[in-house]
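In the numbering used here, the protein residues as written are 22 to 359.
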């Protein structure tokens, strides 16, 4: 590898970056991951792996412990609509558990690490230099507010409505094998079992998220002890493109609609495989097309739900509509799952 330290430099050692590293190692590429933080890293996250994302992870040798997720349930204060996953379960997994499992598999796969925060990126038609590393390719998986994206001149704007999220873990026996989504006038609350005695609760809203908006859920949680809140947002990031020369964007860095459908990690691992395939074929522009294909259903469904939810009559009608049209709800859940 004359003149190069590695085939691929990955900036960001979260789930998206490590899934990319594992995909690259399966294809025989040498990999360095740059991240100033030590694994595992906790952050606000719905912690639900859809069946399709779990399938990709297991193909990479990653099988984290967690709770089976057999479907999605929408609830308001009077109604509930349920739809099962048709082709096998997903899994509720603590983000720290998933990150540790990915890190362990990456180390077993001879991925190298440097503790570095990447700010400047220089590239030519043969390679990329960043953080003192010369690589043939660079993949940025450094999150919603990617510094690499900014460094290579890819524009990004915060979309509307500006929504934020807060997540807690409640020490309470898991009561469901579904991801439960509670709808209120002001936002949504996602409940994901991640352990027999622990559930994650994530509230999403354009306002300051509060659990008091969901009396049905609050009654279920009672006075159960909970950990500190972790926040994120604004969530919608409109990114102009995913490729700049020999730099490709994966995961949240590539653009993000909303956490409403709970697909962030599952989409990131699918994008990872597509980005590596484009590199192997020496055709980075193919990744832009693949990214649009992978995320199309997510973008259309999520954007539609967010915009509909911004109009109160539509928000109030959503759960009743899912109850009245179970086949439509079932179809939507099937699309999300895979």
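We treat Cβ as the ideally placed atom computed from N, Cα and C, and that holds for glycine.
From a predicted model like this one, the values you see are computed outputs, not experimental measurements.
- Within the same chain, Cβ atoms closer than 7 Å to the Cβ of residue 132 are found at 42, 46, 52, 54, the five residues on either side in sequence being excluded.
- Within the model, the alpha-carbon separation for residue 314 versus residue 292 is close to 10 Å.
- Counting every other CB atom within 10 Å of its CB across the protein chains shown gives residue 194 a total below 16, marking it as exposed.
- With respect to the C-alpha of residue 218, the residue from 34, 355, 241, 191 having the closest C-alpha is 191.
- When DSSP states are grouped into helix, strand and coil, residue 197 belongs to the coil group.
- Counting the other CB atoms within 10 Å of its CB gives residue 215 a total of 16 or more, which places it among the buried residues.
- Burial state of residue 80 is exposed, judged by a 10 Å Cβ sphere holding fewer than 16 other Cβ atoms.
- Membership of residue 27 in the beta strand (DSSP E) is indicated by the continuous run 27-32.
- Excluding residues up to 5 positions away in sequence, 148, 155, 156, 157 lie with their Cβ nearer than 7 Å to the Cβ of residue 25 in the same chain.
- With fewer than 16 other Cβ atoms inside 10 Å of its own Cβ, residue 109 counts as exposed.
- According to DSSP, residue pairing for residue 113 in a beta bridge involves 69, 88.
- Counting along the chain, the unbroken beta strand (DSSP E) around residue 213 starts and ends at 208-216.
- Excluding five sequence positions before and after residue 265, the CB atoms of its chain that fall closer than 6 Å to its own CB belong to 173, 175, given in chain order.
- In the assembly as shown, residue 345 is an exposed residue. Its beta-carbon has fewer than 16 other beta-carbons within 10 Å.
- Nearest to residue 167 by C-alpha distance, out of 32, 331, 303, is 32.
- At a Cβ-Cβ threshold of 8 Å, residue 278 and residue 324 count as neighbours.
- Residue 257 counts as buried, since at least 16 other C-beta atoms from the protein chains shown sit within 10 angstroms of its C-beta.
- Excluding five sequence positions before and after residue 213, the CB atoms of its chain that fall closer than 7 Å to its own CB belong to 67, 68, 69, 113, 200, 220, 221, given in chain order.
- Check the Cα spacing between residue 118 and each of 127, 336, 141, 84: the tightest is with 84.
- Residue pairing by DSSP places residue 251 opposite 188 in a beta bridge.
- DSSP, reduced to helix, strand and coil, places residue 142 outside both helices and strands of the structure shown, so it counts as coil.
- A Cβ-Cβ separation of about 5 Å places residue 106 in contact with residue 72 under the 8 Å criterion.
- For residue 306, the enclosing alpha helix (DSSP H) covers residues 306-330.
- Between the alpha carbons of residue 249 and residue 302 lies a gap of roughly 45 Å.
- For residue 105, the secondary structure class from DSSP, reduced to helix, strand or coil, is strand.
- About 18 Å separates the Cβ atoms of residue 197 and residue 282, ruling out a contact at the 8 Å cut-off.
- Out of 350, 238, 351, 298, the CA that lies nearest to the CA of residue 49 is found in 298.
- Look at residue 221 here: in three-state DSSP terms it is strand.
- Sequence-distant partners of residue 205 (beyond 5 residues in either direction) whose C-beta falls short of 7 Å from its own C-beta, in its chain, are 234, 235.
- In the structure shown, residue 205 adopts coil according to DSSP, grouped into three states.
- For residue 144, the closest of 59, 335, 268, 332 by C-alpha to C-alpha distance is 268.
- A residue is called buried once 16 or more other Cβ atoms fall within 10 Å of its Cβ, and residue 169 is buried on that count.
- Within 10 angstroms of the beta-carbon of residue 151 lie 16 or more other beta-carbons, which makes it buried.
- Secondary structure of residue 62 (DSSP, three-state): coil.
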